[in-house]
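In case it helps, our numbering puts the sequence shown at residues -11 to 614.
No residue lacks a Cβ here, since even glycine has one placed at the ideal position from N, Cα and C.
Report on the structure given below.
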Amino acid sequence: MAFERDADGGSSRRRLLAGVTAASAAIAGCMDALSDELGLNEDETTGGPVRWPAIEAGDALSDFEDLEEWSPRSGAVEIAPAPDEARAGSQAAVVESDEERAGMEIRFADGIDLEDWDVSLAVKPASVDRIAVEILAPTRDERLTSVRPVPDEYDGWFRMDCGYQQKPGNDPDPSTVTGINVVAHGPDGGPTRLLVDDLRRTKSAANGAAILAFYGGHESHYDVAAEMLAERGWTAAVPVTPERIGDEGRMGLDDLRELRDREWDICSLPQASTPLPEQPADRQRQVLESARDALASDGFEDGARHLFVPDGRMDAATYDVARDVHESAFLYSAGTTAVPPTEMHMIPYIWGPALHTGVRRHVNLSDQYGLLTVVRVPRIVDEDDVGVDENRMSLDDFGLLLDHFEHRGLDVVTPSDLVDGQFDRADGDDETAGRERPSGVVLESGRSHAVEGSGSSESQTVALDDGVLVANVSHDGSTIAVDVSDVDGSGRSENLLTTSGNATGESIMAVESGTYGLEVDADGAWSIDLSQPAVRAADLTDLPVQASGTGSAFVGPLWTVGDARVVATHDGDGQFIVDGYGADGSREILAHRTGEFDNSRSYKAGGVVWLNVEADGDWTLEVVDS
């Protein structure tokens, strides 16, 4: 990803405000630079005027001029022209039903290529709770699905970037797309009515991206998160309410300005006593402008350009005002989007603590298809301080999130990067080209230790070398869990083994050279043999691989040329965890669920890897090239 630089080496970010007074006049009615690049204007074209949210970038897949291209997805659905609502050309289309769902479909007899392309369309949810777009690649069994919840009060036009949230067990082939389904889900009992126009594709980014949004500017965001990001050379966004800067437990101006100087964005999170959609448009404008100008006067001009919509509520008036006042706006709706989005004022974000129930999947899809995932990070606390349903994220989970970004190779960017940056477009190159199977010794042998005890203990420390750590555990009780933490590290701990109902178990993890502490939680006597075996090329197994077992175990070493797909089953009632470890020290969480499991996961493998399984029942794994 390349960004323009000023002559003095600083980021080429346009200044929103020279001062509070000048800002209000300068910003009103402005469009961001991306709008110009995408052709967001009302110039006449051969097909008629183009009005937002229609665009001129990319290639049209359907202009809805010939509705014979489209078919209803059930007999109760009607598709009709809507000339008064045209965004491009002479008409839009309306799909409606008296029932709770209304869908339409278009088929491409010869197939179309959507590999390295993003799909978007103009939509107006007249009576819609959520919109789903399915990309058949090439059949519905290999579909990619984008789902966009619609705010309760929203009934205006916007552009829907079809970032993917779901894909089935079978790998889709976006280079051979045979059809697109657009499905509107209406209120309970119906009716359902959706207007659509300007379905098109635009070139996707060469690499997926992520934004970390540290909501509220808590002290832990500065004391803990900022340093963890600095180690990786990453920046982030901090949405703050100006009136709450410096409140107890929150960052003050000095801390925020230090982050600004590191090129973080300090963004606007307005405080409204009454939800914005319940206020008239002029009052909404006052709320947004006041928060923006307050941040600008405190020195956060760049970040003030970006809005995080309070309470996740927006109506058509909020949207229109946000487009006038801000250059981007973020709205909670849990999805991925394009890099950069064609719709800059309804960018979705996901809740960070949902790491194992959505966030990792979004990150994986962003990596695979060059998309953007925005993650809202609440206050960061120790594991023991995370209560049920509390708006907090554990330090361990936050560390896993950063590790996952790094392993998947996402570009970690800021809202200003989206607006000001120039992103490389996908070129179809195969990143696995030239990867050769190793020969000889892959990893040298390391240290070994034997420890034993009874009940719970956290007094054991061991010295380890770079490589992998294998643990063979036996115990007399019903359950044992062994956690490992780097004594000189950040304080994060990682589970080495958890087994229940089995007298023995084995596990593996990747480690760096250092001193580690062992924390054992058990209800009986136990012994742990730790070893760091040598790994040789002759030990490697090629894909496909099938394995099965009961309780804790690992599979590998495996040789993988590139990405892999892991199909897993589990019939136990407790936790089922599958981690992928690489000889290069990488780690990716593939499954982290409770109870029965029967699904598949993508794995950004490539090289020598192991799969570690923690389970309380019988399990199976099948590992194949993706």
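For Ser519: DSSP bridge partner residues | Indexing the sequence shown from 1 puts residue 519 at position 531. DSSP lists Ser436, Val458 as partners of Ser519.
Is Ile168 closer than 8 Å to Glu103 when the C-beta atoms are compared?
-> Within the sequence shown, the letter at position 115 stands for residue 103. Within the sequence shown, the letter at position 180 stands for residue 168. Contact: no.
Local Cβ density within 10 Å of Pro268, reported as buried at 16 or more and exposed below that
Here the question's residue 268 lines up with position 280 in the sequence shown. It counts as exposed.
Report the three-state DSSP secondary structure of Gln448 (helix, strand or coil).
Counting from 1 along the sequence shown, the entry for residue 448 is found at position 460. Looking at Gln448 - three-state DSSP - the assignment turns out to be strand.
Which residues does DSSP pair with Glu494 in a beta bridge? Residue mapping note: residue 494 aligns to position 506 of the sequence shown, counting from 1. For Glu494, which the question treats as bridged, DSSP gives the partners Asn460.
*Beta-carbon gap between Val309 and Gln259 smaller than 8 Å*: Counting from one through the sequence shown, the residue named residue 309 turns up at place 321. Counting from one through the sequence shown, the residue named residue 259 turns up at place 271. The answer is no: Cβ separation not under 8 Å.
| message | On the CB-based measure, 16 or more other CB atoms within 10 Å of its CB, does Gln153 come out buried or exposed? | response | Here the question's residue 153 lines up with position 165 in the sequence shown. So Gln153 counts as buried.
Would you kindly work out how many angstroms separate the C-alpha atoms of Phe202 and Ile254, rounded to a whole number? On the sequence shown, position 214 is the one that residue 202 refers to. On the sequence shown, position 266 is the one that residue 254 refers to. Their backbone Cα atoms lie some 10 Å apart in a straight line.
query: Using DSSP with H/G/I as helix, E/B as strand and the rest coil, what is Arg238?
result: Here residue 238 is taken as the residue at index 250 of the sequence shown, counted from 1. Here Arg238 sits in strand by DSSP.
task = Would you identify the three-state DSSP class for Met334, choosing helix, strand or coil?
result = For the purposes of this step, residue 334 is taken as residue 346 along the sequence shown, with counting starting at 1. In this structure, Met334 counts as coil in the three-state DSSP scheme.
Rounded straight-line distance, which links the Cα of Gly502 to that of His333:
Numbered from 1 along the sequence shown, position 345 holds the residue referred to as residue 333. Numbered from 1 along the sequence shown, position 514 holds the residue referred to as residue 502. One C-alpha to the other measures close to 47 Å.
| task | Kindly list the residues whose CB is nearer than 6 Å to the CB of Glu602, restricted to its own chain and excluding five residues on each side of it in sequence; keep chain order. | result | Within the sequence shown, numbered from 1, the residue matching residue 602 stands at position 614. Answer for Glu602: Thr486, Ser540, Ile565, listed in chain order.
| task | Please name the residue or residues paired with Met148 in a DSSP beta bridge. | result | Along the sequence shown, one-based indexing puts residue 148 at 160. The partner list for Met148 (beta bridge, DSSP) reads Leu109.
**Prompt:** Using DSSP with H/G/I as helix, E/B as strand and the rest coil, what is Val351?
**Reply:** If you number the sequence shown from 1, residue 351 lands on position 363. In the structure shown, Val351 sits in a helix (DSSP, three-state: H, G or I).
Tell whether a beta-carbon distance below 8 Å holds between Glu66 and Pro60. Translated into the one-based positions of the sequence shown, residue 66 becomes position 78. Translated into the one-based positions of the sequence shown, residue 60 becomes position 72. Yes. Within cutoff.
Note to self: For a cutoff of 8 Å on Cβ pairs, would you count Asp312 as touching chain D?
What the structure shows: Absence of chain D from the displayed structure is noted, only one protein chain being present.
Q. Given Val439, which residues of its chain have a CB within under 8 Å of its CB, disregarding the five upstream and five downstream residues?
A. As a position in the sequence shown, residue 439 is number 451, starting the count at 1. Cβ neighbours of Val439 beyond the five flanking positions: Gln448, Val450, Leu506, Ser515, Ile516, Leu518.
Note to self: Taking the alpha helix (DSSP H) that Glu215 belongs to, which residues open and close that run?
What the structure shows: Mapped onto the sequence shown, residue 215 falls at position 227. Unbroken alpha helix (DSSP H) run through Glu215: 214 to 220.
key: For Ser614, the three-state DSSP class (helix, strand or coil)   = For this step, residue 614 is matched to residue 626 along the sequence shown. The answer is coil: DSSP assigns Ser614 none of H, G, I, E or B.
Check your understanding: Which residues bound the alpha helix (DSSP H) around Asp405?
Key -> Working through the sequence shown from its first residue, we reach residue 405 at position 417. Asp405 -> alpha helix (DSSP H) spans 403 to 408.
Quick one: complete beta strand (DSSP E) runs, 3+ long, within the region 361 to 394?
-> 367 to 369, 380 to 382
Notebook entry, point to check: Buried or exposed: where does Asn587 fall if 16 or more other Cβ atoms within 10 Å of its Cβ makes it buried?
Noted result: If you number the sequence shown from 1, residue 587 lands on position 599. Exposed, because fewer than 16 other Cβ atoms sit within 10 Å of the Cβ of Asn587.
Practice item. Assign Asp606 to one of two classes, buried (16 or more other C-beta atoms within 10 Å of its C-beta) or exposed (fewer than that). Key: On the sequence shown, residue 606 is found 618 positions in, with the first residue counted as 1. Classification of Asp606: exposed, given that the 10 Å Cβ count is below 16.
I'd like the span of the beta strand (DSSP E) that includes Val582, first residue to last.
Start at 1 with the first residue of the sequence shown, and residue 582 comes out as number 594. The residue you asked about is not Val; residue 582 is Thr in the sequence shown. Per DSSP, Thr582 belongs to the beta strand (DSSP E) from 575 to 582.
Check your understanding: Taking the alpha carbon of Trp252 as the point to measure from, which residue in Trp222, Gly240, Ser574, Gly237 has its own alpha carbon closest?
Key -> Translated into positions along the sequence shown, residue 252 becomes position 264. Nearest of Trp222, Gly240, Ser574, Gly237 to Trp252, Cα basis: Trp222.
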